[in-house]
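One structure below.
In UniProt numbering, the protein residues as written are 1 to 500.
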């Protein structure tokens with residue numbers, strides 16, 4: 001028997017009076033979080049939710065998220081996290097595909113959620129915050145509990161959460177993540193940077209995304225640390241919260257680190273409490289990493305993972321053992337190889353780029369109700385990540401690009417990330433995304449989308465000339481488009497599928 005919610009129960013028993021959450025300056029202890037999630041579990045059971053039933057959870061980073069998340073798990077049900085930015089048809093698809101029996105959402109998404117629930121015949125909808133008809137307030141869901149709610153006796157291989165992929169090709173697929181998989185991802189990676197109960201984790205990564213859910217929330221709760229919840233990323237809000245709560249750890253994606261660097265007010269805030277930053281979700285540009293470490297005086301440890309691995313595959317082992325610009329080595333119990341297009345292992349070295357494949361405790365059960373997609377992903381007993389990279393002689397992994405984002409220009413392979421690294425060195429460039437666009441003569445042409453720094457200016461012609469001096473003729477972008485902003489996912493990752 002293993003129920004992931006045991007990480008909360010045990011931390012509450014060991015440190016009941018310690019702070020578990022802080023939000024807008026208000027603190028909730030471990031004893032309070034455990035008790036309130038118990039009440040949610042009892043409320044779900046009173047409404048007929050049984051082991052294995054799906055409960056959708058569509059909340060930003062507010063206390064109700066962990067309260068509901070661990071309550072759902074305690075009841076033996078399956079958490080289905082939903083992005084708060086989804087529109088009604090997208091919500092309806094995930095509710096229907098997961099067969100959710102109940103939805104917990106928030107006021108900011110209640111309108112779209114209500115339409116979706118009506119479309120798929122879901123009557124049980126609870127809203128945190130101001131409640132529109134016909135939904136009910138979240139406060140109506142919890143029920144009184146005598147003593148502690150007994151954790152449902154789930155098996156380690158039972159599904160704990162169904163997390164939908166970003167849907168870069170076709171409709172999103174629901175990755176079934178198990179109790180054991182999520183527990184191990186909460187227990188192993190954080191040991192590499194010595195997380196301890198006195199740490200305060202600045203939690204701005206969306207908890208509905210696997211990175212925030214697994215690598216911030218579950219890790220923090222597993223080791224009795226405090227989560228400083230920030231519902232929405234803005235540079236000023238994050239900097240102010242680090243100062244107010246004396247945060248020691250900041251988990252982010254590359255766009256967040258870039259935005260903090262570019263923030264005009266950054267010098268007004270005291271961020272000296274930070275001892276380590278974690279970057280994931282996408283590859284961070286070397287220039288951003290170096291500049292951030294120099295300005296804030298804190299190391300960035302880069303890791304690598306994905307929804308299907310919940311989330312960690314590899315990680316750098318602390319400031320003294322990391323290999324800068326790599327995504328570290330596979331964490332304990334995880335194997336990674338680099339395969340060519342014929343599924344044959346490649347030797348180490350940067351000249352041997354191939355697809356990263358992995359196996360171990362960290363991989364999902366499969367894609368929900370999609371056996372063919374599951375079989376394709378797990379060819380030859382290894383999970384195929386769809387990421388291109390190589391491994392060096394010491395076992396450190398280096399990500400080159402997404403396999404599906406590879407540009408083939410006139411028969412030559414062009415890796416967008418290599419061009420983006422060059423673009424980030426330009427003093428006027430704040431954000432860069434490179435994609436392939438159709439071309440009648442060459443098959444694909446290289447196009448760059450840029451956001452410039454507020455205090456800088458450039459032109460498309462200048463950028464093209466800059467790249468032409470630094471890249472081979474078949475690599476540099478012939479097309480450059482300057483934009484005010486790039487489309488981002490709820491987790492802050494650039495959505496290249498929306499760039500054409």
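Even glycine gets a Cβ: it sits at the ideal position worked out from N, Cα and C. All values derive from a computational prediction rather than experimental measurement.
For residue i, which of helix, strand or coil comes out of DSSP?
i           : result
residue 283 : coil
residue 17  : coil
residue 482 : strand
residue 136 : strand
residue 251 : strand
residue 335 : strand
residue 229 : strand
residue 304 : strand
residue 295 : helix
residue 109 : helix
residue 355 : strand
residue 371 : helix
residue 213 : helix
residue 464 : helix
residue 256 : helix
residue 447 : strand
residue 144 : coil
residue 4   : coil
residue 452 : strand
residue 329 : strand
Using the Cα positions of residue i and residue j, report the straight-line distance between them to the nearest angstrom.
i           : j           : result
residue 31  : residue 16  : 5 Å
residue 444 : residue 419 : 15 Å
residue 340 : residue 360 : 20 Å
residue 157 : residue 434 : 40 Å
residue 117 : residue 134 : 11 Å
residue 12  : residue 34  : 6 Å
residue 494 : residue 225 : 30 Å
residue 481 : residue 195 : 42 Å
residue 27  : residue 227 : 10 Å
residue 55  : residue 251 : 27 Å
residue 325 : residue 219 : 24 Å
residue 109 : residue 299 : 36 Å
residue 69  : residue 243 : 28 Å
residue 3   : residue 76  : 8 Å
residue 459 : residue 485 : 16 Å
residue 88  : residue 115 : 6 Å
residue 39  : residue 347 : 54 Å
residue 103 : residue 172 : 19 Å
residue 437 : residue 429 : 21 Å
residue 321 : residue 441 : 48 Å
residue 378 : residue 263 : 43 Å
residue 478 : residue 45  : 60 Å
residue 338 : residue 260 : 34 Å
residue 306 : residue 363 : 10 Å
Measure the Cβ-Cβ separation of residue i and residue j and say whether it is below 7 Å.
i           : j           : result
residue 42  : residue 149 : yes
residue 278 : residue 201 : no
residue 185 : residue 310 : yes
residue 273 : residue 246 : yes
residue 177 : residue 160 : yes
residue 72  : residue 79  : yes
residue 175 : residue 308 : yes
residue 400 : residue 431 : no
residue 491 : residue 144 : no
residue 83  : residue 208 : yes
residue 291 : residue 424 : no
residue 281 : residue 253 : yes
residue 374 : residue 313 : no
residue 329 : residue 390 : no
residue 296 : residue 255 : no
residue 91  : residue 113 : yes
residue 293 : residue 327 : no
residue 470 : residue 422 : yes
residue 476 : residue 412 : no
residue 402 : residue 283 : no
residue 507 : residue 192 : In the structure as shown, the chain begins at 1 and stops at 500. Residue 507 is therefore absent and cannot be evaluated.
residue 96  : residue 58  : no
Between residue i and residue j, how many whole angstroms is the CB-CB distance? I'm expecting something under 8 Å.
i           : j           : result
residue 577 : residue 141 : No information on residue 577 is available, as it lies outside the stretch 1 to 500 that the chain covers here.
residue 384 : residue 98  : No, residue 384 and residue 98 are not in contact; Cβ-Cβ is about 24 Å, not under 8 Å.
residue 355 : residue 395 : Not quite, the Cβ-Cβ distance comes to about 17 Å (not below 8 Å), so this is no contact.
residue 189 : residue 315 : 5 Å
residue 216 : residue 203 : 5 Å
residue 187 : residue 222 : 6 Å
residue 18  : residue 197 : 7 Å
key: Within the segment 376-444, ranges of the alpha helix (DSSP H) (whole runs, at least 4 residues)   = 416-424
message = Report the start-end ranges of each beta strand (DSSP E) in the segment 151-207 that is 3 residues or longer and not cut off at the edges.
response = 159-164, 174-178 and 200-203
key: Complete beta strand (DSSP E) runs within the segment 49-131 (minimum length 3 residues, chain order)   = 54-57, 78-81, 100-106 and 125-128
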